[in-house]
Structure formats: structure tokens, C-alpha cells
Amino acid sequence: MTINFAINDKRKNKGNSIIDFPCDYCVVDIETTGLSPEWDNIIEIAAVKFSDGKIVDTFQSLLQPLSFKGEVISVNEFITKLTGITNQMLANAPKPKEVLTNFDKFLGNSIIVGYNVNFDINFLYDAFETYLNKDLCNDFIDVMRIARKLHPELAHHRLKDMVDLFELTNENAHRAFSDCVATDACYKKLQYEVKKEYNSLSEFCNIFC
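Count along the sequence shown starting at 1, add 169, and that's the number in the numbering used here.
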């Protein structure tokens, strides 16, 4: 059983938010200049494609943050400290349209898995509209949503909290590729817990209704 969630969002052609553990999927993570898809920019995209639970392909690229006039804008000191991504690194990065075109080809129609993935989806949806003149329609799975149901005892459910809970490592936290790997590791741990604690995926999905 897969459960779909209707999301009230201006992005009308956005894919469905689902609860599932498919064999084939693509873990996606982005880094940005801020929290608003309307005003901020994507500065890094990474993705790891899985088939039967094994990595079959990867994608990673920085991309220049551009103003509405098409000029390269600077990232602030907070973002640089958080991600390690500097203005010098971004000055030599490819343009958004090039990166997004390649990412679109890489992603295809894969189900997207991510941590607090609505954040990533909203940025990518708007970027697809702006630079590719198309919608991002892939269905997506939010690992944080699953973590909250399985571990209500935790005060917080950030990726860092789950990495600590499962005694994993994320040496380059807030870099997109490393966060993809950590997200998948947590996703697999949570899947194991579901199989251990519930008779079926349908039974687990019922707690979301």
C-alpha cells in the first residue's frame, strides 16, 4: 500500500507526497542561499539513484546563484560557514539552466526521496519553471515524515538527530551529496523498523490517516 497526501500548494502540478519503500528511487538534496524559493537560489544539487537498494548512478553539481537580471550574486557568510561553499567556488560553477537540464535528464521519472523534502521540491519546482519552462511532477517521499511517526519521543527530527540516533556518520553535513548518503542510510534504518514493528506497509500507512 502507498499512501498519498494532498498538499495545498501553489505549485499545482507538483507530484504526490507518498509513504512507501520502493526498490527504485532517487535521493535528492540541495543547498541554497536561504529559505525562500521566491527570493533565494539553489547553489548545489546532488542525487543518488538506487535500484534494488543499491547505488546505480550519482549526480552532483554546484550552480551559480543568479539575480533576476542574470547577474551572479554573493552568498553570505552564514551560508559559507554552514555549507563550506564559497563565492569563489560558485564563480566558476556552471549556469543554472545547464545544471538543471542535466539533473532533469538524470532524474527522469524516479520517485524522489529526501529529508524535509518539500523544501527541496519547492526550490526545484520553481527552478524548473524558470529555467526549463516545465514542471517537476515526480512523486516524493519525505523521510522526516516517517521519522516523526516512528520516533515521537525525540524533541527534534532533523537529519542530524536521526544520524545521531542510528549512530551513523555525516562527515560533510550540509553538503548535498553527503546529505543524500546520510538520508538514504536513515531511510533504510526506518524501513527496517517498519518491517520489525508492523505486519505490513499498509498497517504502517494507516497511522498517517
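Where is the CB? At the ideal position from N, CA and C, for every residue including glycine.
It should be emphasised that the depicted structure is a prediction, and the values quoted were computed from it without experimental measurement.
Spatially closest choice to residue i from the options, by CA coordinates
i: Tyr194; options: Ala342, Thr299, Tyr361 and Thr352; result: Thr352
i: Ser279; options: Glu207, Pro206 and Val225; result: Val225
i: Gln360; options: Phe346, Arg344, Cys378 and Cys192; result: Cys192
i: Lys387; options: Pro206, Asp198 and Leu232; result: Beyond the ends of the chain as shown, which are 170 and 378, falls residue 387; an answer cannot be given.
i: Ala342; options: Gln229, Thr252, Ile199 and Phe219; result: Thr252
i: Glu267; options: Val363, Ile290, Phe297 and Cys374; result: Phe297
i: Asn302; options: Lys238, Met313, Arg314 and Asp273; result: Asp273
i: Lys181; options: Asn261, Asp295 and Leu337; result: Asp295
Extent of the continuous alpha helix (DSSP H) run through residue i
i: Ile248; result: Glu246 to Thr252
i: Ala316; result: Val312 to Leu319
i: Asp295; result: Val286 to Ala296
i: Phe237; result: Phe237 -> no alpha helix (DSSP H), and no H or E assigned at all.
Proximal residues to residue i (C-beta, below 8 Å), its chain only, five neighbours per side dropped
i: Asp311; result: Ser186, Gly283, Tyr284, Asn285, Val286 and Asn287
i: Asn368; result: none
i: Leu334; result: His320 and Leu323
i: Leu235; result: Asn210, Val241, Ile242, Lys264 and Pro265
i: Asn339; result: Leu328, Lys329, Val332, Ser347, Asp348, Val350 and Ala351
i: Ile376; result: Lys318
Contact check, residue i vs residue j, beta carbons under 7 Å
i: Gly222; j: Asp308; result: no
i: Tyr300; j: Leu276; result: no
i: Ala316; j: Ala215; result: no
i: Asp289; j: Val197; result: yes
i: Ala115; j: Leu231; result: Any question about residue 115 goes unanswered here, given that the chain covers just 170 to 378.
Beta-carbon proximity list for residue i, same chain, < 7 Å, skipping 5 on both sides
i: Thr202; result: Asp209, Asn210, Ile212, Pro234, Val244 and Ile248
i: Phe292; result: Ile199, Thr201, Pro206 and Ile211
Sequence-distant residues of the same chain with beta carbon closer than 6 Å to residue i, five excluded per side
i: Thr227; result: Val217
i: Val363; result: Phe373
i: Asp304; result: Asn182
Residue i: first and last residue of the uninterrupted beta strand (DSSP E) it sits in
i: Phe335; result: Counting along the chain, Phe335 falls outside any beta strand (DSSP E), and DSSP gives it neither H nor E.
i: Gln229; result: Lys223 to Leu231
i: Cys195; result: Tyr194 to Thr201
Is the region 277–291 touching the region 256–269 in the sense that three or more CB pairs, one from each, lie closer than 8 Å?
-> no
Cβ contact check for the region 347–365 and the region 323–334: 3 or more pairs under 8 Å = yes
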